[in-house]
Amino acid sequence: MTVSQEHTIAISPVGDIDQHLINTLGMDINRVFGVKTEVLKIIDDLEFAQDPERNQYHSTPILEKLAFLAPQRVIKVLAITKVDLFIPILTFVYGEAQLGGRACIVSLNRLRENLSAVTQQKIFFERVIKEAIHELGHTFNLRHCKDHSCIMHYCRRITDVDRKLDSMCRYCKIFLDDDIKQLVK
Ligand SMILES: [Zn+2]
Ligand SMILES: [Zn+2]
16 MTVSQEHTIA ISPVGDIDQH LINTLGMDIN RVFGVKTEVL KIIDDLEFAQ DPERNQYHST
76 PILEKLAFLA PQRVIKVLAI TKVDLFIPIL TFVYGEAQLG GRACIVSLNR LRENLSAVTQ
136 QKIFFERVIK EAIHELGHTF NLRHCKDHSC IMHYCRRITD VDRKLDSMCR YCKIFLDDDI
196 KQLVK
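The sequence shown begins at 16 in the working numbering and counts up one residue at a time.
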């Protein structure tokens, strides 16, 4: 079961993002969703989403812009940014997604928590991959999962992120396959 050949999931760096991280993400996204990935710059300036009082960026308008600007072949777009993101009801978010929509975003800002240097890059990458696949999962209509080890489990703090696995539980996988089938039709 694959989406048609020309379709992609676009990984969209905002600003300067580590190329090695982008490549690793590409492989993991392909592993989980079975869709080809591409790297595609779409937005470079997030000023429109900045909240000067909070000194953070509101993720929802960024998602709208990404969904509007992404080319046809792109079924899902995942933006990666270093800026700190929020939605009005929360002090911060690791990322946000349009449920069943086209766009999602992950911030690297708080995923370095408790990690010192380059030696811990592996853990940092794992966190980014988990949060990226989690947000992409939402764009494929997946909701939060009660299973603490499932990648679709909601993470309030970094220890939650570290505890969960980098894959979906049986149930989420079934829902994902169903949603991908719908897309192919
Ligand atoms: Zn979520
Ligand atoms: Zn699950």
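Even glycine gets a Cβ: it sits at the ideal position worked out from N, Cα and C.
| Query | Result |
| --- | --- |
| Contact between the region 189-200 and the region 145-165 (3+ Cβ pairs under 8 Å) | yes |
| beta-carbon Cys170 near ligand 2 non-hydrogen atom, thresh 6 Å | no |
| Cβ pair Lys137, Asp181 closer than 7 Å | no |
| C-beta contact flag for Lys179 and Ser164 at 7 Å | yes |
| Buried versus exposed, by CB contacts within 10 Å (16 or more), Met16 | Low confidence applies here, because Met16 scores a pLDDT of 41, under 50, leaving its location unreliable; read the following figure in that light. It is exposed - the Cβ of Met16 has fewer than 16 other Cβ atoms within 10 Å. |
| For Ser131 and Gly116, the rounded distance between their alpha carbons | 36 Å |
| Exposure label - Glu111; buried when at least 16 CB within 10 Å | buried |
| Contact test: Asp162 Cβ vs ligand 3 heavy atom, cutoff 6 Å | Absence of ligand 3 is noted for the structure shown, with ligand 1 and ligand 2 being the only ligands found. |
| Three or more C-beta pairs below 8 Å linking the region 64-83 and the region 38-54 | no |
| Runs of beta strand (DSSP E) wholly within the region 106-181 (minimum 3 residues, chain order) | 110-112 and 118-122 |
| Buried versus exposed call for Lys91 [16 or more other C-beta atoms within 10 Å across all chains shown] | buried |
| Where Ser19 falls: helix, strand or coil (DSSP) | coil |
| Range of the contiguous beta strand (DSSP E) that encloses Ala94 | Val89 to Thr96 |
| Check whether Ile148 and Val47 have beta carbons under 7 Å apart | yes |
| 7 Å Cβ cutoff met for Ile26 and Leu36 | no |
| Cβ-Cβ distance between Val176 and Arg142 below 7 Å | yes |
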